[in-house]
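Novice: Chains as they are written, first to last, in this note's numbering: chain V, 320 to 619; chain B, 2 to 327; chain F, 97 to 423.
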Amino acid sequence: MSVAGETLAGAGDLTLRKTRESLWSKARYKFRHDVWGMVALGIVLVYFVIALGVWLGIWGQGWSAVGGEKWGSMSAEYWFGTNIIGQDVYDRAIYSIKTAFEIGLVVAVLSTVMGAVLGAIAGFFQGSWTDEVILWLMGVLDSIPFYLFVAAVAFALGGYAYSMHLAMIAVFWTITARLVRGEVIKLKNFEFVEAAHAIGVPHFLIIFRHIMPNTLHILLVQSTIVFVAAIKTEVILSFLGLGVKDGVSWGLMIAESTQEVLAGHFNNFVAASVLMFGLVMAFNMFADSLQDALDPKKVS
Amino acid sequence: MADTTPLLEVRNLTVEFRTEHGIARAVDNISFDVGFGEALGVVGESGCGKSVTALAILGLIPSPPGRIAAGSIKLNGRELVGLPESKLRKIRGSEISMIFQEPMTALNPVFTVGNQMSDVLRRHKGLSRKQAREDAAELLRLVGIPDPKQRLREYPHELSGGMRQRVMIAMAVSCSPKLLIADEPTTALDVTTQAQVLEEINLLREKLGTAVLFITHDLGVIAELCDRAIVMYCGMIVEEAPIEPLYDRPRHPYTEGLLASIPRIRDRKLKRLPTIAGMVPDLLQLPDGCRFADRCEKATGRCQLEIPTLEGARKRKVACFHPVNG
Amino acid sequence: MMNETQPLLTVRNLKKYFPMKAGMFRKGTPLKAVDDVSFDLETGKTLGLVGESGCGKSTLGRAILRLHEPTSGEVILDSKPVTGVKHGALMLQRRKMQIIFQDPYASLNPRRTVYQTVREPLDIHKVGDPKERRHTVEILLERVGLRRQVMDRYPHEFSGGQRQRVGIARALALNPKFIVADEPVSALDVSVQSQVLNLIADLQKDMGIAFLFISHDLAVVQHVSDHVAVMYLGKLVEMGPAASIYKDPRHPYTQALLSAIPNPDPKHRKKHVVLSGDVPSPVNPPSGCPFHTRCPRVMDICKKETPVQTNQGNATNPHLVSCHLYS
Numbered sequence: 320m321s322v323a324g325e326t327l328a329g330a331g332d333l334t335l336r337k338t339r340e341s342l343w344s345k346a347r348y349k350f351r352h353d354v355w356g357m358v359a360l361g362i363v364l365v366y367f368v369i370a371l372g373v374w375l376g377i378w379g380q381g382w383s384a385v386g387g388e389k390w391g392s393m394s395a396e397y398w399f400g401t402n403i404i405g406q407d408v409y410d411r412a413i414y415s416i417k418t419a420f421e422i423g424l425v426v427a428v429l430s431t432v433m434g435a436v437l438g439a440i441a442g443f444f445q446g447s448w449t450d451e452v453i454l455w456l457m458g459v460l461d462s463i464p465f466y467l468f469v470a471a472v473a474f475a476l477g478g479y480a481y482s483m484h485l486a487m488i489a490v491f492w493t494i495t496a497r498l499v500r501g502e503v504i505k506l507k508n509f510e511f512v513e514a515a516h517a518i519g520v521p522h523f524l525i526i527f528r529h530i531m532p533n534t535l536h537i538l539l540v541q542s543t544i545v546f547v548a549a550i551k552t553e554v555i556l557s558f559l560g561l562g563v564k565d566g567v568s569w570g571l572m573i574a575e576s577t578q579e580v581l582a583g584h585f586n587n588f589v590a591a592s593v594l595m596f597g598l599v600m601a602f603n604m605f606a607d608s609l610q611d612a613l614d615p616k617k618v619s
Numbered sequence: 002m003a004d005t006t007p008l009l010e011v012r013n014l015t016v017e018f019r020t021e022h023g024i025a026r027a028v029d030n031i032s033f034d035v036g037f038g039e040a041l042g043v044v045g046e047s048g049c050g051k052s053v054t055a056l057a058i059l060g061l062i063p064s065p066p067g068r069i070a071a072g073s074i075k076l077n078g079r080e081l082v083g084l085p086e087s088k089l090r091k092i093r094g095s096e097i098s099m100i101f102q103e104p105m106t107a108l109n110p111v112f113t114v115g116n117q118m119s120d121v122l123r124r125h126k127g128l129s130r131k132q133a134r135e136d137a138a139e140l141l142r143l144v145g146i147p148d149p150k151q152r153l154r155e156y157p158h159e160l161s162g163g164m165r166q167r168v169m170i171a172m173a174v175s176c177s178p179k180l181l182i183a184d185e186p187t188t189a190l191d192v193t194t195q196a197q198v199l200e201e202i203n204l205l206r207e208k209l210g211t212a213v214l215f216i217t218h219d220l221g222v223i224a225e226l227c228d229r230a231i232v233m234y235c236g237m238i239v240e241e242a243p244i245e246p247l248y249d250r251p252r253h254p255y256t257e258g259l260l261a262s263i264p265r266i267r268d269r270k271l272k273r274l275p276t277i278a279g280m281v282p283d284l285l286q287l288p289d290g291c292r293f294a295d296r297c298e299k300a301t302g303r304c305q306l307e308i309p310t311l312e313g314a315r316k317r318k319v320a321c322f323h324p325v326n327g
Numbered sequence: 097m098m099n100e101t102q103p104l105l106t107v108r109n110l111k112k113y114f115p116m117k118a119g120m121f122r123k124g125t126p127l128k129a130v131d132d133v134s135f136d137l138e139t140g141k142t143l144g145l146v147g148e149s150g151c152g153k154s155t156l157g158r159a160i161l162r163l164h165e166p167t168s169g170e171v172i173l174d175s176k177p178v179t180g181v182k183h184g185a186l187m188l189q190r191r192k193m194q195i196i197f198q199d200p201y202a203s204l205n206p207r208r209t210v211y212q213t214v215r216e217p218l219d220i221h222k223v224g225d226p227k228e229r230r231h232t233v234e235i236l237l238e239r240v241g242l243r244r245q246v247m248d249r250y251p252h253e254f255s256g257g258q259r260q261r262v263g264i265a266r267a268l269a270l271n272p273k274f275i276v277a278d279e280p281v282s283a284l285d286v287s288v289q290s291q292v293l294n295l296i297a298d299l300q301k302d303m304g305i306a307f308l309f310i311s312h313d314l315a316v317v318q319h320v321s322d323h324v325a326v327m328y329l330g331k332l333v334e335m336g337p338a339a340s341i342y343k344d345p346r347h348p349y350t351q352a353l354l355s356a357i358p359n360p361d362p363k364h365r366k367k368h369v370v371l372s373g374d375v376p377s378p379v380n381p382p383s384g385c386p387f388h389t390r391c392p393r394v395m396d397i398c399k400k401e402t403p404v405q406t407n408q409g410n411a412t413n414p415h416l417v418s419c420h421l422y423s
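Right under this line is the structure:
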């Protein structure tokens, strides 16, 4: 490491350490060396490509067409057989992947954004009335039984197609907000935040420019957790008749299958639950690996 | 100081850490001895490998990513490298013990000081509960803690930093170890508390005859406490000498620069503080030759190509092609 | 310190109390982190502020800059008040006063490049036109001994000393008249420490900046200070010209602090004046003189009465001591 020529301050502290590690580069390194994490990510990506194909209209389009016979068995035309009114179970199961991703992404992104903003504001103004109001709101939302809440929202919105999404966002953001609030309370005492105060940076800029970007690792992990939670919740809600109104989902398929299983037809049930299990399992493993990789305490 | 067989014999010790950018050799082929009852200082700046050396002696290198790649560590003639963890655990605490920089992390916050101390005494010495408690109080008195019976009932967070460090010292010497490793034990303390703790360590050494391996970045502390010191730079020992000649006539340019740049109370304010230009090279991008060559005013072409070995008479060694004050 | 000319910075009876909760509804006795501190600082001079951890020295620095809102007292910078003014007036004062921090790892936002960090004060205060700002940042980095090529790098690519230089560049960006340096070198290695200390000394000489240099290390303070103040439990116990403080410390606490410094000279292993006990809690400070519980020269009066400040120097170079030994 050579010392460059003109040093005005009389010191040669000029060279950079090329190999100094940041949280992200370490996390990438750890994640790449996590075999199960990588496998899980691969599976999730396969699901994602299928969902994308459905969205682009490449496959899974025949989910509503009534073509086959009632409860037809597996065949070259109907890979997973048909349901009670003769719809293709394969197409319905594939289409449900798109539904699942749609719900997971919408709920994960919106609830994370909401949790991040409100949590950051609460944490930054810790102890003020703003903080009290946000904490009170979180307390109220957390204390309402979840399914009752969803039913109430669905009822209030009069069968609006996205009432399930809204209900989930309204409930899931509180967890993220609590985590972010705690982190922000820690971060706001960091010297770089004090430096911003000393310069005279306005509060909202301090929050969004200096504090929030440093909670990204929490948001990333939290959004993967919410993604999985949303998919699982959708299945339960659809099963209860509170869920997907327009289209098909694994939850609806399983609800349908309750009649069929008694009659000895398992096509709907197996297709929906196996696909859901695969996605939820893979996403959970991916979320765990991500958390391990990003956990600053485990980054030695 | 027994001259025949040393208490601790470190030979060609090399410790490596795996990182995403390659293997970092934190300690590179170092050898030194600690005599019975001797106080040896290990000085160097952050990242020079001094703490890793201590961890290696205790068998506490986190693995992975770290490992002892080569070398031997003998305590009282017994090889420590390669011993199973169960045996090492027995040696730690009874024959070697350690004081860390931050006592709060080394003490368990949910148990009282008395519980933790008597636990150690009962485990290593097989004392009864009552006897252990009495011994613990006696130890606290030994390290200058007033009202030791009361302190035994307190939790670590109820004690001040200086008190905690004394409790750590009391625990460390409780099984009369032959070697005490102190890793920056006073760095987290205030000057006035540091003076108290250093004095306690000195008194203990006189009373118990424990050898001390004192690791610090503070040359002032070494001067007050040690008989001999080794200076480390980038994982290597660059100089080894008894204290007085080391401070009087340092041979290695790094030691000389380090001594000159310590801020110290001077009779007259200097216009400029002497400095060492540049900075410590990255362990992953070490130069081919002497690791100090790029910061050294005396460096020649040879220094850029060849690594100097630690040479000299028994107690006065230097690793430099162009030693100063010679 | 107290000349006829108007000092750059005047601090009068500054107090910062932190409320402590004793119970759910009861307010406890406040923690008196800074208790009635007054001093003046002239343009281009450095006041070294020394004390042990928890004595309130960092809080004092932050209260002067209103990073902690002072409980009471007055701060005047460049003939204009800092305390008791509204946002707009405070923003104008912020351009004249800055801070350098201790921890080179916590003081830079890890998600922002060096360029963004150093440029931010220029943007906030709209200094020059936006195109010039890049050039200004280049000049600032060069001034603190960093190459302009490092501008687009993130903090994790730098060593501790380099980060500290970036922090200094940020503080210099608004061309301030007064900088609080809060333990700026205590987290650095010895050889880097002296590089940064020299840099601070250079800046002071070339740019005429006044510094409040906070440190626990009397040896570091000596190198940069014109005057030295010693703080104990929220109060200044001794303050005077640096030479006089080091040659002839009056307060027993200052004497003990000086004596406790380990001497890097094995031939003169000195006998330290070892203080007994620990610093008492600032929530419940001792009555009378706050130092009486540890003072080797304690008298009866020390436990009862708070000592008054007396001048042990002369009128032009006051050496102020708060100790009953001199009253």
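For each residue, glycine too, the CB sits at the ideal point set by N, CA and C.
(1) When you compare each of Met247/F, Gly241/F, Val240/F and Leu242/F to Arg229/F by their alpha carbons, which one comes out closest?
(2) Between which residues of its own chain and Arg390/F is the CB-CB distance below 7 Å, once the five residues before and five after are set aside?
(3) If the cut is a Cβ gap below 9 Å, which residues of chain V does Phe197/F touch?
(4) List the residues of chain V whose Cβ lies closer than 8 Å to the Cβ of Ala202/F, in chain order.
(5) Quick one: which chain V residues come within Cβ less than 8 Å of Glu216/F?
(6) Using a Cβ cut-off of 7 Å, pull out every chain F residue sitting near His584/V, in sequence order please.
(7) Given a cut-off of 7 Å, decide if Pro309/B and Cys297/B are closer than it, judged by their beta-carbon atoms.
(8) Could you tell me the alpha carbon to alpha carbon distance between Val326/F and Val394/F, rounded to whole angstroms?
(9) With DSSP run on the structure shown, which of helix, strand or coil describes Gln286/B?
(10) Could you check how far apart the C-beta atoms of Val168/B and Leu160/B are, in whole angstroms? I think they sit under 8 Å.
(11) What ranges does the beta strand (DSSP E) occupy inside the stretch 160-192 of chain F, keeping only unbroken runs of at least 3 residues that lie completely in it?
(12) Residue range of the beta strand (DSSP E) that Val239/B falls in?
(13) Between which two residues does the beta strand (DSSP E) harbouring His323/F extend?
(14) Only counting the same chain, and skipping five residues up and downstream in sequence, which positions put a Cβ closer than 8 Å to that of Arg134/B?
(15) Entirely within the stretch 281-366 of chain F and at least 3 residues each: give me those beta strand (DSSP E) ranges in chain order.
(16) So, under 8 Å CB-CB, Val281/B and Gly48/B are touching, yes? Tell me the CB distance rounded to an integer number of Å.
(17) To the nearest angstrom, report how far apart Ala419/V and Val368/V are at their CA atoms.
(18) My parser needs the alpha helix (DSSP H) runs of 4 or more residues fully inside the stretch 254-284 of chain F; what are they?
(19) If contacts are defined as beta-carbon pairs under 8 Å, then Glu245/B and Leu311/B qualify, I think. What distance do you get, rounded to the angstrom?
(20) Would DSSP call Thr213/F helix, strand or coil?
(21) Below 8 Å CB to CB, which residues in the same chain sit around Ala496/V once its five sequence neighbours on both sides are set aside?
(22) Look at the alpha carbon of Asn205/F and the alpha carbon of Ile504/V, and state the distance between them as a whole number of angstroms.
(23) At a Cβ threshold of 7 Å, is Glu21/B touching chain V?
(24) Are the C-beta atoms of Glu245/B and some chain F residue less than 7 Å apart?
(25) Residues of chain F with CB under 9 Å from Leu220/B, in chain order?
(26) Below 8 Å between beta carbons is the criterion; list the residues of the stretch 343-364 of chain V that meet it against any residue of chain B, in chain order.
(27) What does Ser262/B touch in chain F if you count any residue whose Cβ is under 8 Å from its own?
(28) Would you say Pro532/V lies against chain F (beta-carbon separation less than 7 Å)?
(29) Do the stretch 564-582 of chain V and the stretch 591-600 of chain V meet, that is, are 3 or more Cβ pairs less than 8 Å apart?
(30) Per DSSP, which one or two residues make a beta bridge with Phe18/B?
(31) I think Pro381/F touches His388/F, with their Cβ atoms under 8 Å apart; what is that distance to the nearest whole Å?
(32) Determine, for Glu148/F, whether the minimum Cβ-Cβ distance to residues of chain B falls below 7 Å.
(33) By the three-class DSSP mapping on this structure, what secondary structure does Val11/B have?
(34) Starting from the beta carbon of His529/V, find every residue of chain F whose beta carbon is closer than 7 Å, and list them in chain order.
(35) Taking all protein chains shown into account, do 16 or more other C-beta atoms lie within 10 angstroms of the C-beta of Tyr479/V, making it buried, or fewer, making it exposed?
(36) Answer with buried or exposed for His522/V, where buried requires no fewer than 16 other C-beta atoms within 10 angstroms of its C-beta.
Specialist: So, from the listed chains and residues:
(1) Translated into positions along the third sequence, residue 229/F becomes position 133. Cα-wise, what sits closest to Arg229/F is Met247/F.
(2) Taking the third sequence and counting its residues from 1, one reaches residue 390/F at position 294. Correct list, in chain order: Leu371, Ser372 and Gly373.
(3) Sequence index remark: in the third sequence, residue 197/F carries index 101 (1-based). Residues of chain V passing the Cβ test: Glu510, Phe511, Glu513 and Ala514.
(4) Counting from one through the third sequence, the residue named residue 202/F turns up at place 106. Ordered by position in chain V, the residues that pass the 8 Å Cβ test against Ala202/F are Phe509, Glu510 and Phe511.
(5) Translated into positions along the third sequence, residue 216/F becomes position 120. Going along chain V in sequence order, the residues near Glu216/F (Cβ under 8 Å) are Ala515, Ile518 and Val520.
(6) Numbered from 1 along the first sequence, position 265 holds the residue referred to as residue 584/V. Neighbours of His584/V on chain F: none; closest Cβ ~55 Å, over 7 Å.
(7) For this step, residue 297/B is matched to residue 296 along the second sequence. For this step, residue 309/B is matched to residue 308 along the second sequence. No, Cβ-Cβ distance for Cys297/B and Pro309/B is not below 7 Å.
(8) Within the third sequence, residue 326/F is the residue found at index 230, counting from 1. Within the third sequence, residue 394/F is the residue found at index 298, counting from 1. Taking the straight line joining both Cα atoms gives about 18 Å.
(9) Translated into the one-based positions of the second sequence, residue 286/B becomes position 285. Coil.
(10) Numbered from 1 along the second sequence, position 167 holds the residue referred to as residue 168/B. Numbered from 1 along the second sequence, position 159 holds the residue referred to as residue 160/B. Rounded, the Cβ-Cβ distance is 7 Å, consistent with contact.
(11) 168-173
(12) By 1-based counting over the second sequence, the position of residue 239/B is 238. Residues Met237 to Pro243.
(13) Working through the third sequence from its first residue, we reach residue 323/F at position 227. That run of the beta strand (DSSP E) goes His323 to Tyr328.
(14) Start at 1 with the first residue of the second sequence, and residue 134/B comes out as number 133. Here the set comprises Gly115, Ser119 and Leu153.
(15) 306-311, 323-328 and 331-337
(16) Position 280 of the second sequence, counted from the start, is the residue given in the question as residue 281/B. Position 47 of the second sequence, counted from the start, is the residue given in the question as residue 48/B. 6 Å between Cβ atoms; contact.
(17) If you number the first sequence from 1, residue 419/V lands on position 100. If you number the first sequence from 1, residue 368/V lands on position 49. Distance between the alpha carbons of Ala419/V and Val368/V: 13 Å.
(18) 256-268
(19) Taking the first residue of the second sequence as 1, we reach residue 245/B at position 244. Taking the first residue of the second sequence as 1, we reach residue 311/B at position 310. Their Cβ separation, rounded to whole angstroms, is 20 Å, which puts Glu245/B and Leu311/B out of contact at 8 Å.
(20) For the purposes of this step, residue 213/F is taken as residue 117 along the third sequence, with counting starting at 1. Helix, per DSSP.
(21) Counted from its first residue, the first sequence places residue 496/V at position 177. Once the five neighbours on either side are set aside, the close Cβ partners of Ala496/V are Met433, Gly434, Ala435, Leu437, Gly438, Ala441, Ile453 and Met457.
(22) As a first step, residue 205/F is located in the third sequence; it is residue number 109 there, counting from the start. As a first step, residue 504/V is located in the first sequence; it is residue number 185 there, counting from the start. Approximately 16 Å between the Cα atoms of the pair.
(23) Walking along the second sequence from the start, residue 21/B turns up at place 20. Chain V, which has a Cβ nearer than 7 Å to the Cβ of Glu21/B, makes this yes.
(24) Stepping through the second sequence from its first residue, residue 245/B is reached at position 244. Yes, Glu245/B lies at the interface with chain F (some Cβ there is under 7 Å from its Cβ).
(25) Locating residue 220/B in the second sequence gives position 219, counting from the first residue. By Cβ distance, chain F contributes Val286, Pro358 and Pro360.
(26) Ser344, Lys345 and Tyr348
(27) Residue mapping note: residue 262/B aligns to position 261 of the second sequence, counting from 1. The answer, in chain order, is Val286, Ser287, Gln289 and Ser290.
(28) For the purposes of this step, residue 532/V is identified with residue 213 of the first sequence, where counting begins at 1. So, interface residue.
(29) yes
(30) Taking the first residue of the second sequence as 1, we reach residue 18/B at position 17. Answer by DSSP bridge pairing, in chain order: Ala25/B and Gly67/B.
(31) Counting from one through the third sequence, the residue named residue 381/F turns up at place 285. Counting from one through the third sequence, the residue named residue 388/F turns up at place 292. Wrong, their Cβ atoms sit about 10 Å apart, outside the cutoff.
(32) Numbered from its first residue, the third sequence carries residue 148/F at position 52. Chain B, which has a Cβ nearer than 7 Å to the Cβ of Glu148/F, makes this yes.
(33) Against the second sequence, residue 11/B aligns to sequence position 10. If DSSP states are grouped into helix, strand and coil, Val11/B belongs with the strands.
(34) Taking the first sequence and counting its residues from 1, one reaches residue 529/V at position 210. Near His529/V (Cβ distances below 7 Å), the residues of chain F are Asn205.
(35) Sequence index remark: in the first sequence, residue 479/V carries index 160 (1-based). Its Cβ having fewer than 16 others within 10 Å, Tyr479/V is exposed.
(36) What you label residue 522/V is simply residue 203 of the first sequence in a count that begins at 1. Exposed, by the Cβ-count rule.
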